[in-house]
Amino acid sequence: MSLRTRIMDDLKAAMKAGQSDRVAQIRAISAKIKDLDVAARAKSGEVSEDDILLALRSMIKTRTESAAMYHQGNRPELAAKEEAEIETIRAYLPAELSEEALKEAIAEAVKETGAEGMKDMGKVMGVLKGRFGAALDAGRASGLVKAHLS
1 MSLRTRIMDD LKAAMKAGQS DRVAQIRAIS AKIKDLDVAA RAKSGEVSED
51 DILLALRSMI KTRTESAAMY HQGNRPELAA KEEAEIETIR AYLPAELSEE
101 ALKEAIAEAV KETGAEGMKD MGKVMGVLKG RFGAALDAGR ASGLVKAHLS
């Protein structure tokens, strides 16, 4: 089942169950996908599953930053809303690589590229992105690559 189909099925189920918060969260995801479709039409391209996954990761990053700001501003109710949205979005992302599996993949990529220092970080990240695509959490991988190359 495609990601789009799964999102639409979940939206219908949430509407039938009367879960207004979940409906709003899934509609936000659907709106982001429609934005991608419109942008792709302008370029006469197609939106792939990887493009959708990257957009979902971007949505998580934005909401994580917002939640942190709400916590700092002593607005726990708004932070809780953002965190609930993050959980809904995460449900559509593939399972993240375990810490060990990611470290092994980084070691292989370093060996493959012959990386010796921080100047070679881009090469290593390129190999990882090529291997895992949108399933790779680039932020997490970046920190581990830096630690490995230091």
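Take the sequence shown: its position 135, counted from the start at 1, is 135 in the UniProt record's numbering, and no numbers get skipped.
Even for Gly, the Cβ is constructed at its ideal location relative to N, Cα and C.
- Message: For a quick check, are the C-beta atoms of Ala-115 and Lys-103 less than 8 Å apart?
- Response: Within the sequence shown, residue 115 is the residue found at index 115, counting from 1. Within the sequence shown, residue 103 is the residue found at index 103, counting from 1. Contact: no.
- Residue from Ala-101, Gly-126 and Glu-100 with nearest C-alpha to Glu-112: The count along the sequence shown starts at 1 and reaches residue 112 at position 112. For Glu-112, the closest alpha carbon among the candidates Ala-101, Gly-126 and Glu-100 is that of Gly-126.
- Item | C-alpha distance - Thr-62 paired with Thr-5, whole-angstrom precision | For the purposes of this step, residue 62 is taken as residue 62 along the sequence shown, with counting starting at 1. For the purposes of this step, residue 5 is taken as residue 5 along the sequence shown, with counting starting at 1. Approximately 24 Å between the Cα atoms of the pair.
- Along the chain, which unbroken stretches of the alpha helix (DSSP H) at least 4 residues long are found entirely within the region 48–77? 49–72
- For Val-47 versus Leu-56, is the C-beta spacing smaller than 8 Å? The residue labelled residue 47 in the question sits at position 47 within the sequence shown. The residue labelled residue 56 in the question sits at position 56 within the sequence shown. Against a cut-off of 8 Å, the Cβ pair of Leu-56 and Val-47 comes out as no contact.
- Query: Three-state secondary structure (DSSP) at Met-15?
  - Reply: Counting from one through the sequence shown, the residue named residue 15 turns up at place 15. It is helical.
- Using DSSP with H/G/I as helix, E/B as strand and the rest coil, what is Ala-107? Position 107 of the sequence shown, counting from 1, holds the residue named residue 107. Residue state, collapsed to three classes: helix.
- Query: Is Met-69 near the ligand FAD, with its Cβ less than 7 Å from a heavy atom?
  - Reply: As presented, the structure is devoid of all ligands, the ligand FAD included, so that no description of it is given.
- 8 Å contact criterion, which Glu-83 and Ala-67 should meet: CB distance rounded: Against the sequence shown, residue 83 aligns to sequence position 83. Against the sequence shown, residue 67 aligns to sequence position 67. Rounded, the Cβ-Cβ distance is 5 Å, consistent with contact.
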